[in-house]
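S.K.: Residue numbers (UniProt numbering): 1 to 585.
1) Please list the segments of the alpha helix (DSSP H) lying wholly inside the segment 80-120, counting only runs of 4 or more residues, in order along the chain.
2) Would you kindly work out how many angstroms separate the C-alpha atoms of residue 42 and residue 289, rounded to a whole number?
3) What does residue 358 pair with, by DSSP beta-bridge criteria?
4) Pull up the distance between the alpha-carbon of residue 55 and that of residue 49, whole angstroms please.
5) Would you tell me roughly how many angstroms separate the C-alpha atoms of residue 62 and residue 36, rounded to the nearest one?
6) What number of angstroms, rounded off, separates the C-alpha of residue 332 from the C-alpha of residue 504?
7) With C-beta atoms as the reference, is residue 433 less than 8 Å away from residue 379?
8) Taking the beta strand (DSSP E) that residue 531 falls in, what are its first and last residues?
9) For the beta strand (DSSP E) containing residue 552, name the first residue and the last one.
10) Along the beta strand (DSSP E) that carries residue 49, what are the first and last residues, could you check?
11) Among 103, 425 and 4, which has the Cα closest to the Cα of residue 386?
12) Fully enclosed by the segment 279-326, which alpha helix (DSSP H) runs are 4 residues long or longer?
13) Is it the case that the segment 483-490 contacts the segment 509-525, given that we only count it when at least three CB pairs across the two stretches are under 8 Å?
14) Under the three-state reduction of DSSP, which class applies to residue 394: helix, strand or coil?
15) Assuming the contact rule is C-beta atoms closer than 8 Å, residue 576 and residue 558 should be a hit. Round their C-beta distance to whole Å, please.
16) With a threshold of 8 Å, are at least 3 pairs of Cβ atoms found where one atom belongs to the segment 316-336 and the other to the segment 13-28?
17) Starting from residue 164 and walking both ways along the beta strand (DSSP E), at which residues does that stretch end?
18) Whole angstroms is fine: what's the gap from residue 307's alpha carbon to residue 281's?
19) Is the Cβ of residue 20 closer than 8 Å to any Cβ of chain D?
20) My parser needs the beta strand (DSSP E) runs of 3 or more residues fully inside the segment 440-504; what are they?
21) Tell me residue 602's beta-bridge partners as DSSP assigns them.
22) Please name the residue in 34, 68 and 312 whose C-alpha comes closest to that of residue 78.
23) Is DSSP giving residue 566 helix, strand or coil here?
24) Residue 130: which of 475, 29 and 315 sits nearest, CA to CA?
25) So is residue 219 buried or exposed if we call it buried at 16+ other beta carbons inside 10 Å?
26) What would DSSP say about residue 250, mapped onto helix, strand or coil?
27) For my contact list, residue 392 and residue 413 are in at a C-beta cut-off of 8 Å; report their separation, rounded to the angstrom.
28) Would you identify the three-state DSSP class for residue 374, choosing helix, strand or coil?
29) Determine contact between the segment 158-170 and the segment 262-270, defined as no fewer than three beta-carbon pairs at a distance below 8 Å.
30) Can you check whether the CB of residue 500 is closer than 8 Å to the CB of residue 362?
31) Could you please give the first and the last residue of the uninterrupted beta strand (DSSP E) stretch that includes residue 558?
32) Leaving out five residues before and five after residue 88 in sequence, what residues of the same chain have Cβ atoms less than 8 Å from its Cβ?
33) Are the segment 341-355 and the segment 217-231 in contact at 8 Å, needing three or more beta carbon pairs?
34) So does the segment 143-151 actually touch the segment 193-210, counting three or more Cβ pairs closer than 8 Å?
35) In whole angstroms, what separates the C-alpha of residue 450 from that of residue 322?
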């Protein structure tokens, strides 16, 4: 149960609702337990009239009608209270589910990129949905039925002992056997539940990856192979589920058997006591049978609740594994910081933890606020890494990065990132309208702001041709758009923000040279007062920058303006001449 201690803060938060629910539960059980006592009275009335002991004016029909009305009234009150019991305790479980999902989601957002490189999306989704759902069952139904069971046992057994102590002892004799069986089975359920949850995560991850890469699967005609792989994983998951269910299935037959034994004991022992005169009325036997059958479901739920608790603990353990992970990138400055846009790299070294690739090796450069820096180089030379470090998506291993003369980790992380407009190489769009995708950069943007940003990114003419224009809903990851359209909408999203620093990571690779020229012309007007870093494989994109650096294997091998670099023998000149000849062909 130690894993479930994490939920104690939520139970304290909703303690008033829980306490009200507990009180209602107790009162509801008390009214429900009136029924057996009134049934005993029915037997007593009948026995009295059969023995000719009626000395009053009331008829047997009148007395029986009165008792039946009491039974109906008690049942109605118990039913109403049970409804309110569920409305309080079950509602609390929904509140806790809501809070826990938000806690997990908020923590996911705080975790660094390395975390997402090491963990699969399907597993993350499973923990915030399937695992949290199992925890909710513990926070609601398990608690409600536990309170219900304890209340019924205490009150019912107290009544039973008051009526016939010896008969009560025989009636509850099977319960210790039941408790021992539950203890042994619970340990096995916990172990098997953990395995089941792990395989559910694997299944979710496989399905998520398959559907995300469905275009590749179809292009390579791998539907049969992926179906076979899914079938194999699904079959293993099914076996693990059956393995868990097979042990859970022992609970109910065992409980029904033990409850049946209790009923037989009531009839046999109670009958003998009635014959010997130890019990005055057959109504006592009837009362005990009703008590035993009323306890049948609560006793049965002991196994069910135990299973829920074991599964919830296994799920909460998986959730806690992530909640205890500390973000690698921490915001150490909580006071507001203003960003102007001066950027300095001083002998920066950086290695990716997941691949152990040393991406940057002693990189140094300086950009003044309002200047444009272009970075060019071969694939894997470290160009994108520089942009990620400026956004502090990673922390460097050695050296220093200064923003406006202050170490980057001494800036308020939220303010730093708010001052940056970032267009990644792989343009990511959400399954939402085009307008909302652009407004993602500035939530309070007007429709005119959105249109103006789209025009600057040279995508407005494309958008208005769609059936619903800016209200067109995109497919997952913007799959309904071409690569160039996705890149330009990403540019519009960054531009509308009007940040101090603009980072473009090869964001024009999917557009033709004519469109590139028009976009660049707009961008250089927009970025005249902003610090801009432009990563590209095309010399045409970099030639108007204030400064150009050429990276190779994580090091700066050339640095200067376009005019100086094309006159120096090296990578930049060779690339320029190659692309110039390709353009002239």
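From the three backbone atoms N, C-alpha and C, an ideal C-beta is built for every residue, glycine too.
Predicted model, so just to flag it, every value in this text is computed and none were measured.
M.R.: Based on what the coordinates show:
1) As for any alpha helix (DSSP H) of minimum length 4 sitting wholly inside the segment 80-120, the runs are 113-118, ordered along the chain.
2) Numbered from its first residue, the chain shown carries residue 42 at position 42. Numbered from its first residue, the chain shown carries residue 289 at position 289. Straight across, the Cα-Cα distance linking residue 42 with residue 289 is about 15 Å.
3) Position 358 of the chain shown, counting from 1, holds the residue named residue 358. DSSP lists 351 as partners of residue 358.
4) The count along the chain shown starts at 1 and reaches residue 55 at position 55. The count along the chain shown starts at 1 and reaches residue 49 at position 49. Any answer about residue 55 is weak, because its pLDDT of 48 lies below 50 and its placement is not dependable; what the coordinates show is given next. Roughly 10 Å between the two C-alpha positions.
5) One-based indexing of the chain shown puts residue 62 at position 62. One-based indexing of the chain shown puts residue 36 at position 36. Note on geometry: alpha-carbon atoms of residue 62 and residue 36 lie some 19 Å from one another.
6) Here residue 332 refers to the residue found at position 332 of the chain shown. Here residue 504 refers to the residue found at position 504 of the chain shown. Roughly 27 Å between the two C-alpha positions.
7) Here residue 433 refers to the residue found at position 433 when the chain shown is read from its first residue. Here residue 379 refers to the residue found at position 379 when the chain shown is read from its first residue. For residue 433 and residue 379, no; Cβs fall outside 8 Å.
8) For the purposes of this step, residue 531 is taken as the residue at position 531 of the chain shown. For residue 531, the enclosing beta strand (DSSP E) begins and ends at 531-536.
9) Residue numbering aside, residue 552 sits at position 552 when the chain shown is read from its first letter. That run of the beta strand (DSSP E) goes 547-552.
10) Locating residue 49 in the chain shown gives position 49, counting from the first residue. Judged by DSSP secondary structure, residue 49 falls outside any beta strand (DSSP E) and instead within the alpha helix (DSSP H) spanning 34-50.
11) In the chain shown, the residue the question calls residue 386 occupies position 386. Checked all of 103, 425 and 4; the closest Cα to residue 386 is 425.
12) Along the segment 279-326, the alpha helix (DSSP H) occurs as fully enclosed runs of 4 or more residues at 282-294 and 296-323, listed in sequence order.
13) The answer is yes - the segment 483-490 touches the segment 509-525, with three or more Cβ pairs under 8 Å.
14) Within the chain shown, the letter at position 394 stands for residue 394. If DSSP states are grouped into helix, strand and coil, residue 394 belongs with coil.
15) Numbered from its first residue, the chain shown carries residue 576 at position 576. Numbered from its first residue, the chain shown carries residue 558 at position 558. Contact between residue 576 and residue 558 is absent: CB atoms are separated by about 12 Å, not below the 8 Å threshold.
16) Output reads no: the segment 13-28 does not touch the segment 316-336.
17) Along the chain shown, one-based indexing puts residue 164 at 164. Looking at the DSSP string, residue 164 is not in any beta strand (DSSP E), and its letter there is neither H nor E.
18) By 1-based counting over the chain shown, the position of residue 307 is 307. By 1-based counting over the chain shown, the position of residue 281 is 281. Straight through space, the alpha carbons of residue 281 and residue 307 are spaced by roughly 41 Å.
19) Of the chains in the structure shown, none is chain D; there is only one protein chain.
20) Counting whole runs of 3 or more residues, the segment 440-504 contains no beta strand (DSSP E) stretch at all.
21) No statement about residue 602 is possible, as the shown extent of the chain runs from 1 to 585 and does not include it.
22) Translated into positions along the chain shown, residue 78 becomes position 78. Of the listed residues, the one whose Cα sits closest to residue 78 is 34.
23) In the chain shown, counting from the first residue as 1, residue 566 sits at position 566. The answer is coil: DSSP assigns residue 566 none of H, G, I, E or B.
24) By one-based count along the chain shown, residue 130 stands at place 130. Comparing Cα-Cα distances from residue 130 to each of 475, 29 and 315, the minimum goes to 315.
25) To locate residue 219, count along the chain shown from 1; it is residue 219. Exposed, because fewer than 16 other Cβ atoms sit within 10 Å of the Cβ of residue 219.
26) Taking the first residue of the chain shown as 1, we reach residue 250 at position 250. The DSSP-derived three-state label of residue 250 is coil.
27) On the chain shown, residue 392 is found 392 positions in, with the first residue counted as 1. On the chain shown, residue 413 is found 413 positions in, with the first residue counted as 1. Rounded to whole angstroms, the Cβ separation of residue 392 and residue 413 is 6 Å, and the two are in contact under 8 Å.
28) Counted from its first residue, the chain shown places residue 374 at position 374. DSSP places residue 374 in strand when its eight states are reduced to three.
29) Contact holds: three or more Cβ-Cβ distances are below 8 Å.
30) Mapped onto the chain shown, residue 362 falls at position 362. Mapped onto the chain shown, residue 500 falls at position 500. No, the pair does not count as a contact, with Cβ atoms beyond the cut-off.
31) The residue labelled residue 558 in the question sits at position 558 within the chain shown. Note, residue 558: beta strand (DSSP E), 555-560.
32) Locating residue 88 in the chain shown gives position 88, counting from the first residue. For residue 88, where only same-chain residues beyond five positions count, the Cβ hits under 8 Å are 17, 18, 20, 21 and 24.
33) Fewer than three pairs of CB atoms, one per stretch, sit closer than 8 Å, so the segment 341-355 makes no contact with the segment 217-231.
34) Touching, no.
35) Your numbering for residue 450 matches position 450 in the chain shown. Your numbering for residue 322 matches position 322 in the chain shown. So the two alpha carbons sit approximately 38 Å from each other.
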